[in-house]
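*Asks:* Structure provided below as structure tokens; questions to follow.
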Amino acid sequence: MSPTEGDAAPVAVGGLDRAATILDAFDAHHRELTLAALVARSGLPRSTTHRTAERMIRLGWLDKPADRYRIGNRMSEISVLAPARQELREVALPFLHDLYAAVRICVQLGVLDGDRIVVVERISGHRPMPMLSQVGGTVPAHCSGLGRAILAYADPAVVDRVLAAGLSARTSRTIVTENAWRRELAAVPDRGWACDREEGDIGVSCIAAPLFGPAGEVVAALSVTGPSAAVRADRVGPAVRLAAAAASRAYSGRG
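The numbers in the UniProt record's numbering rise by one with no breaks, and the one at position 229 of the sequence shown is 229.
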């Protein structure tokens, strides 16, 4: 007797949950993982991890060129089809290029996803910045300029969700107390940009400004991120704010 649709559904959902858990094991600092590391970071049993990962390789969701797993090309192909992010990227891209031409430091476009920022686009020229996330990578929202630029205008429930995830210290300079962190958010509207002073990586600073949608809602942020000596607020801040404002007008007036 064949299983009913209701009987089959839990199995399918369980498989998707396991695949999602494995994908979540990867981040900007863990781009390639051995099976042992994948087991440790996913929390799944070794046999389950191996079986699910092998199935994901066949689907193109993972790749394993040697003894380490990494995100597969199929995931990148699928991610760019997400209409909202793709449209946002296409609208913002000319302003990212203008901003990079003005400052000659890495510029990024990011969106909030849970308590993390997903890097949607990045322009860095020929200057190597290996400590920064690549396109599709994520960074914690609480200690990134991109995250603060968005959270300063987000609904209180969204801010509370990020707080509930914890203000973990990435470096000795990360702000980890709620009161100090909220003061940083409160300063963004008057200043016009958010700052991250070596809170994610020592030696790297970020200045970011929000990008708004047609209803005045914050939808993303763009940033200049690079060596702290080069990312000076007095020079970079106004340029970031102007680029974000121009991108917001273009995004709000599309169609």
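Positions of the beta carbon are idealized from the N, C-alpha and C atoms, including for glycine. The structure displayed is predicted, hence computed values, not measured ones.
List the endpoints of the continuous beta strand (DSSP E) containing Val139.
*Replies:* Position 139 of the sequence shown, counted from the first residue, corresponds to residue 139. Per DSSP, Val139 belongs to the beta strand (DSSP E) from 138-140.
*Asks:* Between which residues of its own chain and Arg173 is the CB-CB distance below 7 Å, once the five residues before and five after are set aside?
*Replies:* Locating residue 173 in the sequence shown gives position 173, counting from the first residue. For Arg173, where only same-chain residues beyond five positions count, the Cβ hits under 7 Å are Arg197, Glu198, Glu199.
*Asks:* Quick check: Ala209 and Ala149, are their CB atoms within less than 7 Å of each other?
*Replies:* As a first step, residue 209 must be located in the sequence shown, where it is residue number 209. As a first step, residue 149 must be located in the sequence shown, where it is residue number 149. Against a cut-off of 7 Å, the Cβ pair of Ala149 and Ala209 comes out as a contact.
*Asks:* Give me the Cα-Cα distance between Gly60 and Asp201, rounded to the nearest whole angstrom.
*Replies:* Here residue 60 refers to the residue found at position 60 when the sequence shown is read from its first residue. Here residue 201 refers to the residue found at position 201 when the sequence shown is read from its first residue. Approximately 32 Å, taken between the alpha carbons.
*Asks:* Would Val135 and Val158 qualify as a contact pair, given that the criterion is a beta-carbon distance under 7 Å?
*Replies:* By one-based count along the sequence shown, residue 135 stands at place 135. By one-based count along the sequence shown, residue 158 stands at place 158. Contact: no.
*Asks:* Rounding to the nearest angstrom, what Cα-Cα distance links Ile123 and Gln108 in this structure?
*Replies:* Walking along the sequence shown from the start, residue 123 turns up at place 123. Walking along the sequence shown from the start, residue 108 turns up at place 108. Going from the Cα of Ile123 to the Cα of Gln108 covers about 6 Å.
*Asks:* Consult DSSP for Gly6 and reduce its assignment to one of helix, strand or coil.
*Replies:* On the sequence shown, residue 6 is found 6 positions in, with the first residue counted as 1. Any reading at Gly6 needs caution, since the residue's pLDDT is 39, under 50, leaving its predicted position unreliable; the model's value is listed next. Of the three classes helix, strand and coil, the one that applies to Gly6 here is helix, per DSSP.
*Asks:* Quick one: complete beta strand (DSSP E) runs, 3+ long, within the stretch 43-122?
*Replies:* Counting whole runs of 3 or more residues, the stretch 43-122 contains the beta strand (DSSP E) stretches 107-113.
*Asks:* So what does DSSP say about Val176, is it helix, strand or coil?
*Replies:* Translated into the one-based positions of the sequence shown, residue 176 becomes position 176. Reduced to three states, the DSSP call for Val176 is coil.
*Asks:* Going by the CB atoms, is the gap between Arg85 and Thr52 shorter than 7 Å?
*Replies:* Mapped onto the sequence shown, residue 52 falls at position 52. Mapped onto the sequence shown, residue 85 falls at position 85. It is not a contact, given that the beta carbons lie outside the stated cut-off.
*Asks:* Assuming Val219 contacts Leu211 under a Cβ cut-off of 8 Å, what Cβ separation, rounded to an integer in Å, is found between them?
*Replies:* The count along the sequence shown starts at 1 and reaches residue 219 at position 219. The count along the sequence shown starts at 1 and reaches residue 211 at position 211. So it is a contact: roughly 6 Å between Cβ atoms.
*Asks:* Could you have a look at Thr225 and say whether DSSP puts it in helix, strand or coil?
*Replies:* Along the sequence shown, one-based indexing puts residue 225 at 225. It is a strand residue.
*Asks:* Tell me, to the nearest whole angstrom, how far the beta carbon of Gly110 is from that of Leu146; I am working on the premise that it is less than 8 Å.
*Replies:* For this step, residue 110 is matched to residue 110 along the sequence shown. For this step, residue 146 is matched to residue 146 along the sequence shown. Their Cβ separation, rounded to whole angstroms, is 4 Å, which keeps Gly110 and Leu146 in contact under 8 Å.
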